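Residue 698 is where the sequence shown ends in this note's numbering, and the numbering goes up by one at each step.
Every residue gets a Cβ at the ideal spot worked out from N, C-alpha and C, and that includes glycine.
Computed from a predicted model, the values in this text were never measured in an experiment.
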Amino acid sequence: MGHDLPNYATIQANHIEEAITILLKRAYSSLDNAIALNDAPTWNNFITPLEITNQALSRAWGVVNHLTGVADHPELRAAHAKILPEVTAYSSAFEQNLELFKRYKQIKAADEWKLLSITQQKVINNSIRDFQLGGAELSEDVKPVFAKISEDLANLMKTFSDHILDSTDAYVYIVKDEAEVLGLPEDVLQAAKELANKHQKQGWAFNLKFPSYFPVQQLAESRELRKILYQAYVTRASELAMTYANGQADWDNRQISLDILRLRHEEARLLGIENYAALSLVPKMASSVTEVRQFLQEFAKRANPSAIKDLEELQSFSKKELGLDHLEPWDISFVSEKLKQAKYLFSENEVKQYFPIDSVLKGLFHVIQSIFQVQIESSNLPVWHPDVQSFSLKNDRSEVIAHFYLDAYARNGKRGGAWMDDARGRMKHLDGTVQTPVAYLVCNFPAPSAQENGSMRPATISHDDVITLFHEFGHGLHHMLTKVDTLGVSGINGVEWDAVELPSQFMENFCWDFEVIQKLSCHIDTQESLPITLFEKMLAAKNFQNGLFTLRQVVLASFDWELHSSFDAINAQPDDVLKLSQTINDQIHVIPQALISRWPNTFSHIFSGGYAAGYYSYKWAEVLSADAFAAFEEQASTFGSILNPEVGIVYRKNILEVGGSRPAAESFQAFRGRPPSIDALLRHGGLINEASSSND
């Protein structure tokens, strides 16, 4: 078909071992050839052959990983687990090869170095750093130990993730009494009926996937229903899941999380680095463990006064208007929504009716096409599920420069949350042709639902979901709009981890502009765009409880940071991880952590994702993204629109197109003409007023 992408529907679990084994053999052969090279190593005779075989393996293994995230089943999981140690072993063999490392350093020391492009030099410098972090300079007796750590970590992280998915998928709660579902909107009830039918039950069924779980917490009048689902949700993958969430004892992630922490600490120790947090900073913008800790403490300090006011207001409203003398954890989302409705005179469900997902996509595409001067068109790429859509991205000459997939809806076998991943990166082949990037964009929105007349009611999403969609597309644009031809630093590759959220969080800001809202809203029944009166209420409520939200994010980031910098994982007991989360929450937050909550057991970002000792980067990059968006705000009154292509092209050229080819600080400076300032973020978040100075 000319797209060089797999036919996902034909991939079987029994194909995986054979295919990956063949690619591993080719990769090992290429590695051996590189080591045995008699000529002086150059980019073309040394790095390019390695890049070709490594990319082939990486892309194929990426497909397997992707399918385990969006279409998991026992056979696929078993096949993945069987070959995972072999893939990890190759990675260790590559990263620890001292002869390979020497040849990279030879290239840097040779006269040819000056003839290489800046991007090629960046790839080699990054590779030398990664060899050092991968253990290439370790003694031969220590290298196998280091490699075993990598293998064990890969297995443990996958198991951690599997336990969350299994614990989430296993739970279903049936409601037969209509009085128990009062307050829930029709689309949620319809989805609950369909779920009950799938389980051959009468009534309404609810599970722990977000589109089912969260509306109950936010809108269900039944305190008991909220309590039951809350207890099940916060005890997933823990020792309490057997009591509350229909879990199994072998899905408990306590020991696994501790084992992961111990291995990471040992990895850092073997490299001569004090702790894993310090190790993680080597390729990041932040310069020290202390700098990150102080950064988080400063955010907590800024947010604390607002959070105290938020909580006092919530408690007062709860007692006076709802008769609840004591707020339980399963009351907070419900009471918050009631307070928000009373204070701003609108409900999230009212807003949701204006955001059918097709209309939101149309508006999102309008934003992207307007400010970045590209075209987005529907495509027909092979998919892994009938709900998945594919699109092409074209430049102003109508040339295809990228493709992307959108997998929007929640379903069994698909892990929760939202993410972007790369199916293929941009690079220039030896023959001069360019491999265009391809992105996976994955969300977990509620799916279209069947109505009593047999027709399908289109899926509508909350404004928070709209923001999530814009966020993931920001990552996708970073990947797809790169103009770097060297794979190692094209798109998101090579970007410092604490800057990688800049483009995603940047896109979120457009969701608060009325011009954009008009383009992406279309009421499910009346087809009217969202009225200005409702938008003004939403805008007034934008920073509703932002103090509480900010403290929660700082708790998560601080927990991650202290786990990897100060926590004694070697001598700890499994419950000590939970105790640390409670201690940090007590130090930072104004809302106590629920005694029943086992949220660390499902903190996949740090235990099975890429955010270990890096969760702080959401707040770090938020400073960059808010300041970047301020460039559009500053020009809006003159241009007459926030969708200013002149500013958009400057942003695109200096942030998106350069990928990881230069330090993120340099890219930001090139765009804004100065270092980043925290003021825009504090202003957007309502944590300072417009008159506050940057010295406050």
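Would the beta-carbon of residue i fall within 8 Å of that of residue j?
i	j	result
Arg79	Thr70	yes
Pro678	Val625	yes
Gly418	Gly661	no
Val502	Thr121	no
Phe336	Gln219	yes
Ala302	Val556	yes
His525	Gln355	yes
Leu684	Ala309	no
Ala410	Ile359	yes
Gly493	Arg428	yes
Met509	Leu395	no
Arg264	Ile572	yes
Ala305	Thr552	yes
Leu565	Thr50	no
Val125	Thr488	yes
Could you name the residues of the same chain whose beta carbon sits closer than 6 Å to that of residue i, not counting the 5 residues immediately before and after it, in chain order?
i	result
Ile519	Leu532 and Phe537
Phe561	Ser583 and Ile586
Lys416	Val72
Leu504	Ala623, Leu626 and Ser627
Ala239	His165, Ile166, Ser169, Trp253, Asn255, Asn603 and Thr604
Ile657	Ser669 and Phe673
Leu391	The sequence shown places Gln at residue 391, rather than the Leu named in the question. Counting only Cβ-Cβ distances below 6 Å, and skipping sequence neighbours, we find Leu408.
Lys364	none
Thr703	Because the chain in this structure spans residues 3 to 698, residue 703 falls outside the shown range and cannot be described.
Glu223	Leu184 and Gly185
Pro87	Glu153
Gln108	Pro43
Asp389	Tyr411
Near residue i, what residues of its chain come up, given a Cβ to Cβ distance below 7 Å and the 5 sequence neighbours on each side ignored?
i	result
Gln575	none
Ile85	Ile18, Glu19 and Ile22
Val362	Ile463, Val468, Leu471 and Leu522
Ala693	Low confidence applies to Ala693: its pLDDT is 31, below 50, so where it sits in the model is not reliable enough to give any reading.
Val486	Thr121, Arg428, Ser492, Val660, Gly661 and Ser663
In whole angstroms, what separates the C-alpha of residue i from that of residue j?
i	j	result
Ile644	Phe367	15 Å
Met3	Ala542	Its pLDDT being 40, under 50, Met3 is placed unreliably by the model, and the measurement read from it follows with that caveat. Going by the C-alpha atoms only, they are around 50 Å apart.
Thr528	Gln317	37 Å
Asn40	Asn56	21 Å
Ser119	Arg426	22 Å
Lys211	Val190	12 Å
Ala615	Gln299	16 Å
Ala11	Trp386	5 Å
Leu260	Ala559	18 Å
Lys27	Phe609	30 Å
Gln589	Gln204	46 Å
Gln547	Ile130	46 Å
Phe374	Asp327	52 Å
Tyr278	Asn157	19 Å
Thr438	Asn382	16 Å
Ser290	Ala280	7 Å
Tyr92	Lys655	36 Å
Asn545	Gln202	43 Å
Glu293	Tyr618	11 Å
Val592	Asp74	39 Å
Leu443	Met159	22 Å
Gly456	Pro450	12 Å
Lys200	Gly249	20 Å
Lys178	Ser214	16 Å
Among the residues of its own chain, which have a CB less than 8 Å from the CB of residue i, if the five just before and after it don't count?
i	result
Ala95	Tyr30, Leu33 and Ala149
Ser696	Reliability of the predicted coordinates at Ser696 is poor, the pLDDT of 30 falling under 50, and the value obtained from them is presented with this limitation in mind. Hits under 8 Å: Ser679, Ile680 and Asp681.
Ala638	Ile644 and Asn646
Phe319	Val337, Lys340, Leu341 and Ala344
Glu315	Leu341
Pop quiz: residue i and residue j are said to be a contact at Cβ under 8 Å. What is the actual Cβ separation, rounded to whole angstroms?
i	j	result
Phe447	Ala412	7 Å
Ala58	Leu25	6 Å
Phe357	Ser523	6 Å
Trp332	Arg228	4 Å
Thr90	Glu153	5 Å
Thr462	Cys445	Not confirmed; about 14 Å, so no contact.
Ala36	Ala112	Between Ala112 and Ala36 the Cβ distance is about 16 Å, and since that is not below 8 Å, they are no contact.
Asn511	Phe631	4 Å
Counting pairs of Cβ atoms below 8 Å between the stretch 596-604 and the stretch 232-241, do you hit three or more? The stretch 596-604 is in contact with the stretch 232-241.
Pair every Cβ in the stretch 610-622 with every Cβ in the stretch 270-287, then say whether three or more of these pairs are closer than 8 Å. Segments in contact, yes.
Assess contact between the stretch 141-160 and the stretch 172-179, defined as three or more Cβ pairs (one per stretch) separated by less than 8 Å. Is contact present? In short, these stretches do not touch, since the Cβ pair count stays below three.
For the stretch 265-282 against the stretch 365-380, are there 3 or more C-beta pairs whose distance is under 8 Å? Touching, no, given that fewer than three Cβ pairs across the two stretches are closer than 8 Å.
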